[in-house]
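Reading through the structure tokens given below for one structure.
Numbering (my numbering), first residue to last: 146 to 386.
Below, the structure written as structure tokens:
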């Protein structure tokens, strides 16, 4: 990828970033929001197991969506690197590192989701465990996924803070979106640290605190799709006359 290519077509990368972000928001919302809320009953391992085994296709589609999200996010990280590199090369590398650690942790977290259905549906396990024990093991896998996912979002929140700062300083993307992305990053940090260490407090602030990430990330997604970058400001930043 040459500098001339990115200088000549920042809008292509902006649109690509918008489409990838939209895919992440939609797939993540369906998988983590709709399906998980419908099938997983917190504190009731038996009901959760029954729901999953009664809707195996829905569960598999949810897990597949959960796996596609980090794939899209890797590509999005590359796009953000290209778009924000002109602002500060050192800071965008810091953002890339935060996001790569986040995505690696998130990808590993999906291993626990992939274990749930085999634990519940393997006839061989019933010879060694009681059904109730298998339900508890599946519930433990779901809890492990939740812990790993919160850890992943802590690193992602740090990446949002850096990206928000770079967007604010860029000149070719709106300052208000940079502020919204920093608020999103802060919200992720508060929500995830609370979920890991102060669960009672997390119950009080969730899901209300997650409105900030929804607004910030959706605003960036829609702006990249509809407007892209300000070409005049981009050329000024790149030193193109």
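All C-beta atoms, glycine included, are put in the ideal place defined by N, C-alpha and C.
- In the displayed model, residue 189 falls within coil according to three-state DSSP, outside both helix and strand.
- Apart from the 5 residues on each side of it in sequence, residue 175 sits with its Cβ closer than 8 Å to the Cβ of 207, 210 in its chain, given in chain order.
- Under the DSSP assignment, residue 310 falls in the alpha helix (DSSP H) whose first and last residues are 276-315.
- Contact annotation: the stretch 163-178 touches the stretch 214-233, with at least three C-beta pairs closer than 8 Å.
- With distances taken between CA atoms, residue 339 lies nearest to 292 out of 188, 362, 292.
- Here residue 309 really is in contact with residue 324; their C-beta atoms are around 7 Å apart, less than 8 Å.
- Going by C-alpha positions, residue 380 is about 32 Å away from residue 248.
- Each of 363, 322, 376, 315 was checked against the Cα of residue 232, and the nearest Cα belongs to 315.
- Here residue 342 is exposed. Its C-beta has fewer than 16 other C-beta atoms within 10 Å.
- Per DSSP, the unbroken alpha helix (DSSP H) holding residue 346 starts and ends at 344-350.
- Fewer than three pairs of CB atoms, one per stretch, sit closer than 8 Å, so the stretch 326-337 makes no contact with the stretch 266-273.
- Exposed is the label assigned to residue 321, since fewer than 16 other Cβ atoms lie within 10 Å of its Cβ.
- Runs of the alpha helix (DSSP H) spanning 4 or more residues and lying entirely within the stretch 163-233 occur at 181-184, 190-199, 201-229, in chain order.
- By alpha-carbon distance to residue 337, the top candidate from 369, 358, 172 is 358.
- If the five residues before and after residue 307 are omitted, its C-beta is found closer than 6 Å to the C-beta atoms of 236, 239, 240, all from its own chain and listed in chain order.
- Nearest in C-alpha terms to residue 188, of all of 246, 264, 288, is 288.
- Residues of the same chain with a CB within less than 8 Å of the CB of residue 284, apart from the 5 flanking positions on each side, are 190, 193, 194 in chain order.
- If you compare the alpha carbons of 185, 369, 370, 243 with that of residue 305, the shortest gap goes to 243.
- Distance from the CA atom of residue 350 to the CA atom of residue 384, rounded to whole angstroms, is 45 Å.
- Check the Cα spacing between residue 334 and each of 183, 364, 356, 296: the tightest is with 296.
- For residue 154, the secondary structure class from DSSP, reduced to helix, strand or coil, is coil.
- Counted as a single uninterrupted DSSP element, the alpha helix (DSSP H) harbouring residue 356 occupies residues 356-371.
- In chain order, 166, 322, 326 place their CB closer than 7 Å to the CB of residue 365, counting only its own chain and leaving out the 5 sequence neighbours on each side.
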